[in-house]
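Notes to accompany the following structure.
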Amino acid sequence: MLLGRRWGRCNPGRCAFLLVLALLLDAVGLVLLLLGILASLDYWDFLVYTGALILAFSLLFWISWYSLNIEEPLEKLDF
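Just so we're aligned, residue 1 is where the sequence shown starts under full-length UniProt numbering, counting upward by one.
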């Protein structure tokens, strides 16, 4: 047991929508990036750049999901 929790438990947190959106953008970006690299297409550069931009954009959702899931007790906050 790690900090009183079971190992097999998965908790997406309060913002599950942001987590799903980040995972979806990661999958789409990776597919486009690999398709542009591995397929012999005339527009490979468009796929590579678009995939890389989508992966970079997904970082915003990962940061938002992580930031909104931080839990701090009100006693520790300085007002």
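By construction, the Cβ of each residue, glycine as well, lies at the ideal position given by its N, Cα and C atoms. Note that the coordinates shown come from a computational prediction; the quantities given were computed from them, not determined experimentally.
Discussion item. Nearest by alpha-carbon distance to S58: which of A27, S40, L68, K76 is it?
Written reply: For the options A27, S40, L68, K76, the alpha carbon positioned closest to that of S58 is the one of A27.
Could you check how far apart the C-beta atoms of R33 and A52 are, in whole angstroms? I think they sit under 8 Å.
As written in the sequence, residue 33 is Leu, which differs from the Arg given in the question. Yes, L33 and A52 are in contact; Cβ-Cβ is about 6 Å, under 8 Å.
### Query
Which same chain residues, not among the five before or five after N69, have their C-beta less than 7 Å away from its C-beta?
Excluding sequence neighbours, N69 sits near G13, R14, C15.
> Span of the alpha helix (DSSP H) holding G29?
Replying inline: Annotation for G29: the continuous alpha helix (DSSP H) segment containing it runs 16 to 38.
* Out of curiosity, what's the CA-to-CA distance linking Y66 and L35? -> If you take the alpha carbons of Y66 and L35, they lie about 29 Å apart.
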